[in-house]
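A.B. asks: Below is a structure I'd like to ask you about.
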Amino acid sequence: AGGGELRSVAVVTLGSAVAVDLFDGSRRLARVPLRGADRRGQLVGLDARPGAVRVRWRNQDGERVERTIPVSAGSLGR
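In the numbering used here, the protein residues as written are 3 to 80.
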C-alpha cells in the first residue's frame, strides 16, 4: 500500500456479520463490514492488488457476495 508499507488483510466473522480488517503487524488499522455476507457462509477468495482487495464470499444459502475494497496505507474503503 501507499509508500511501500507492508500491510495484511484478513476476513473475520463478528457475531452474525463478516468484516475485512487491515493490519500493520498485529495492530488492526481499519475494519469495514462485508455487506450481504452471512457468517455461516465461507470465504471463496481473497485477492490483493496495489490499492485494493477483492473478497469473494458464498453465503450458506448459496448467494455470492463479491466486493472490491479500496486500500490505502492506513484505511479501507476510502
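Heads up, the beta-carbon is just placed ideally off N, CA and C, and yes, glycines get one too.
The structure presented is a predicted model; accordingly, all values stated were derived computationally and were not measured.
Select from R41, G27, A21, T15 the residue whose C-alpha is nearest the C-alpha of R69.
C.D. replies: When only C-alpha atoms are compared, the closest one is A21.
A.B. asks: From the DSSP output, in three-state form, read off R42 for me.
C.D. replies: Residue state, collapsed to three classes: coil.
A.B. asks: Return yes when the Cβ of V11 is within less than 9 Å of the Cβ of L48, no when it is not.
C.D. replies: Contact flag set, yes.
A.B. asks: DSSP three-state label for S10, please.
C.D. replies: It is a strand residue.
A.B. asks: With respect to the beta strand (DSSP E) encompassing V73, which residues constitute its N-terminal and C-terminal limits?
C.D. replies: Premise fails: V73 is in no beta strand (DSSP E) and is neither H nor E.
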